[in-house]
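I have placed the structure first, in the form of C-alpha cells, so that the comments after it can refer back to it.
Numbering (the working numbering), first residue to last: 12 to 209.
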C-alpha cells in the first residue's frame, strides 16, 4: 500500500527513490514491488523489464490497469521467485479475493501467535504483520483525516483482529514509523492527535 501511495505524487520513480522514500528493508521491498510489477498483475510497470532490480530501474503506475473486483489482493513473491518473468503455475487460491497466479506467501499460520514482539514470531511473519498494521493505519487516516491516538488504535485493532491480535506497543511503533516517513503528523497543540498527510 505505501509503495502505491508514492505514485499519488510521482509519475515515475527509480528503485533507489522507492527504497529511500519507504524506508523498508531492501529484501522485503523487492518482494512486494516485484509482486506489483509481475506480468500477471501489472499494477506497476517496470523498465527495463528484466529479472533483477537495479537502483536505476524505473517504475510507473499502470494507468491502463482494469479489474472487475472491488478488492484486489496481490500475493508476495517468495525470495526464490524474485523474477518478473517467472510464469510458474503454482497458485494459492482465496475464496473471496483475486489472488495472483504466482506463488504467494502462506498466511495460514498467522493467527497462531498473538504477541507481535514475541521471539517465537518468525522474522518474515513479523514483517507481514508490520505491513498489515501500517496499511490499516493509512486506510483509516486517509478516510478520517484526523484522529486521537486511542481512537486510531481501536480502529486498527478492529480491522485486523481477524488476522492476529497486535499489542498496543506494536501499533504505537508502526504509528511512529509512519510519522517518521511523513504519512502522518502530530497535532501541534495536542500530541495525542494525528493528522493524515496526503
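For glycine and all other residues, C-beta sits at the position ideal for the given N, C-alpha and C. Values in this document were obtained by computation on a predicted structure and should not be read as measured data.
query                                                                                                                                                     : result
Quick check on DSSP: helix, strand or coil for residue 192?                                                                                               : coil
Distance check for residue 136 and residue 17, CA to CA, integer angstroms please.                                                                        : 24 Å
Tell me the DSSP bridge mates of residue 159?                                                                                                             : 204
Give the secondary structure of residue 71 by DSSP, where H, G and I count as helix, E and B as strand, and everything else as coil.                      : strand
Expressed to the nearest angstrom, what Euclidean distance is found between the alpha-carbon atoms of residue 123 and residue 52?                         : Because the pLDDT of residue 123 is 41, which lies under 50, any placement of that residue in the model is unreliable, and the number read from its coordinates should be weighed accordingly. Taking the straight line from one Cα to the other gives about 30 Å.
For residue 23, count the other beta carbons within 10 Å of its own beta carbon; 16 or more makes it buried, fewer makes it exposed. Which is it?         : exposed
Please state whether DSSP places residue 57 in a helix, a strand or coil.                                                                                 : strand
Within its chain, find whatever has a CB closer than 6 Å to the CB of residue 39; leave out the 5 residues flanking it on each side and keep chain order. : 138
Are at least three pairs of beta-carbons, each pair with one atom in the stretch 140-148 and one in the stretch 168-182, less than 8 Å apart?             : yes
Per the DSSP calculation, residue 24 is bridged to which residue(s)?                                                                                      : 70
Buried or exposed: which applies to residue 140, given that a residue is buried once 16 or more other Cβ atoms fall within 10 Å of its Cβ?                : buried
Helix, strand or coil, according to DSSP, for residue 197 in the structure here?                                                                          : strand
Under the assumption that residue 159 contacts residue 203 (Cβ atoms under 8 Å), give the Cβ distance between them as a whole number of angstroms.        : 6 Å
Return the first residue and the last residue of the alpha helix (DSSP H) that residue 49 is part of.                                                     : Run containing residue 49: none; DSSP gives neither H nor E here.
Determine the DSSP secondary structure at residue 172, reduced to helix, strand or coil.                                                                  : coil
Under 7 Å Cβ to Cβ from residue 76, same chain only, skipping five residues before and after it: list those, please.                                      : 53 and 54
Taking residue 14 as part of the alpha helix (DSSP H), name the residues at either end of that continuous run.                                            : 13-17
Compare the beta carbon distance of residue 34 and residue 192 with 8 Å and say whether it is the shorter of the two.                                     : yes
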